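Asks:
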Amino acid sequence: MQNALLPNGRIVNAKEYDHQIHGKEIYCPECKVPLIWANPQNDDRSPYFRTTGYGESDHKPFCPHNRVVKILNTMKKVNQFTTRLSDIPEAEKVVIKLNLKTDMIKVPQGEVNEIPNSHPKKSYKYSLRYNRRQKKPIRSISSLSAIARLIMDNKEEELNKVFLDYNGKQLPLSDLVVDQTRANELAFNEGKTSLHYIVYGRILKVVKTEKVMFLNFDRENGTLKPFAAFVFAQDFSWFTYTKDKLENNAVLVWGQIQLNRKYKKAEIQLRSNNNIYIFSKK
Ligand SMILES: [Zn+2]
61 MQNALLPNGR IVNAKEYDHQ IHGKEIYCPE CKVPLIWANP QNDDRSPYFR
111 TTGYGESDHK PFCPHNRVVK ILNTMKKVNQ FTTRLSDIPE AEKVVIKLNL
161 KTDMIKVPQG EVNEIPNSHP KKSYKYSLRY NRRQKKPIRS ISSLSAIARL
211 IMDNKEEELN KVFLDYNGKQ LPLSDLVVDQ TRANELAFNE GKTSLHYIVY
261 GRILKVVKTE KVMFLNFDRE NGTLKPFAAF VFAQDFSWFT YTKDKLENNA
311 VLVWGQIQLN RKYKKAEIQL RSNNNIYIFS KK
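Each residue of the sequence shown is one higher than the last, beginning at 61 in the working numbering.
1) I'd like the list of long-range same chain contacts for residue 277, defined as Cβ closer than 7 Å, with 5 residues on each side in sequence excluded.
2) Anyone know if the C-beta pair for residue 339 and residue 131 falls short of 7 Å?
3) Pull up the distance between the alpha-carbon of residue 237 and that of residue 255, whole angstroms please.
4) The beta strand (DSSP E) that contains residue 110, what's its start and end?
5) Smallest Cα separation from residue 275: which of 253, 293, 307?
6) Using DSSP bridges, identify the partner residues of residue 293.
7) Inspect the beta-carbon positions of residue 157 and residue 225 and report whether they are closer than 7 Å.
8) Can you give, in chain order, each stretch of the beta strand (DSSP E) that sits fully within the stretch 220 to 300 and has at least 3 residues?
9) Residue 140 by DSSP, collapsed to three states: which one?
10) I'd like the list of long-range same chain contacts for residue 107, defined as Cβ closer than 8 Å, with 5 residues on each side in sequence excluded.
11) Taking 7 Å as the CB-CB limit, is residue 323 close to chain D?
12) Quick check on the burial criterion: 16 or more other C-beta atoms within 10 angstroms. Buried or exposed for residue 186?
13) Suppose you measure from the CA of residue 334 to the CA of residue 140; what does that come to, to the nearest Å?
14) Where residue 182 and residue 282 are concerned, what is the direct C-alpha to C-alpha distance, given to the nearest angstrom?
15) Across which residues does DSSP place residue 311 in a beta bridge pair?
16) Name the DSSP bridge partner or partners of residue 207?
17) Cα separation between residue 349 and residue 285?
18) Just to confirm, is the Cβ distance from residue 153 to residue 229 under 7 Å?
19) Consider the C-beta atom of residue 116 and the heavy atoms of ligand 1; say whether any pair is separated by less than 6 Å.
20) Anyone know if the C-beta pair for residue 317 and residue 243 falls short of 7 Å?
21) Candidates 321, 292, 204, 84: which alpha carbon is nearest residue 159's?
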């Protein structure tokens with residue numbers, strides 16, 4: 061965040077902030093929770109304000125700076141554009157090869173993390189902004205967390221120039237990363253899609269029985285069509301996320317979209333933790 065609210069009601073910019081002048085009490089201008097000032101020395105980023113995630117310092121659910129709200133809004137805006145390959149000047153186009161593993165990779169427990177920056181095998185940075193500066197665009201994405209990072213680190217203007225090279229075709233990001241309403245259109249048209257799609261949304265409720273676990277997506281006051289992801293009991297050992305970790309969080313799920321004929325809604329089957337990315341609040 062670039063701006064913070066001071067106790068006297070004024071707004072201060074992170075580049076101008078000085079704790080000796082402005083004091084240490086600084087708040088989110090929208091939801092008024094306490095913030096801290098961060099001044100990263102070891103990368104090109106300018107100073108900024110952020111929450112700590114501890115105690116009160118966590119954006120309220122309605123706050124536009126809440127990560128969940130932010131991700132959903134960014135993708136909504138990207139999906140409002142119908143970008144065509146020919147509309148974008150060649151020099152501005154960013155083509156990324158999508159190479160998500162179609163085989164089930166079994167992860168007995170825990171989350172699959174991006175390899176850390178310090179790791180000797182770490183070779184890509186996922187922010188287009190950084191890449192443009194380095195003239196070294198990212199070329200391939202092989203995990204949902206990399207897609208998540210791409211969405212979080214870039215504005216919609218930049219995301220509109222992103223094309224995914226998938227199955228030999230170049231498709232705009234917004235063709236493959238879809239909301240639950242679009243997922244329903246695809247399910248009704250195709251029954252079961254031949255391509256794998258990434259569906260974004262917020263999980264409202266998790267229902268687990270002995271045979272199956274349903275992750276029901278929030279319909280955002282009826283503005284979105286119903287959608288669910290499900291896991292069969294045989295895969296419970298590879299899909300280890302609990303109700304607590306899933307509910308109320310924004311997620312990306314990945315798989316073939318299919319029509320549930322009984323309930324007339326779109327679904328995706330998840331086989332392991334690799335089929336989901338959870339945007340945690342902290
Ligand atoms: Zn806030």
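Heads up, the beta-carbon is just placed ideally off N, CA and C, and yes, glycines get one too. Everything numeric in this text was worked out from a predicted model, so none of it was measured.
Replies: This is what the structure holds:
1) 240, 261, 262, 263, 264, 287, 288
2) yes
3) 12 Å
4) 108 to 110
5) 307
6) None, per the DSSP bridge assignment.
7) yes
8) 222 to 226, 229 to 232, 252 to 268, 272 to 277, 287 to 292
9) helix
10) 74, 75, 77, 97, 98, 99, 100
11) Chain labels in this structure do not include chain D; a single protein chain is all it has.
12) Unreliable placement is indicated for residue 186, whose pLDDT of 43 sits below 50; the coordinate value is still reported in the next sentence. Per the 10 Å Cβ criterion, buried.
13) 28 Å
14) Only weak support is given to the placement of residue 182: the predicted model assigns it a pLDDT of 47, under 50, and the value that follows is read from those uncertain coordinates. Near 42 Å, if we compare the C-alpha coordinates of residue 282 and residue 182.
15) 261, 338
16) Paired residue(s): none; residue 207 is not in a bridge.
17) The requested residue 349 is not part of the displayed model; the chain covers only 61 to 342.
18) no
19) no
20) yes
21) 204
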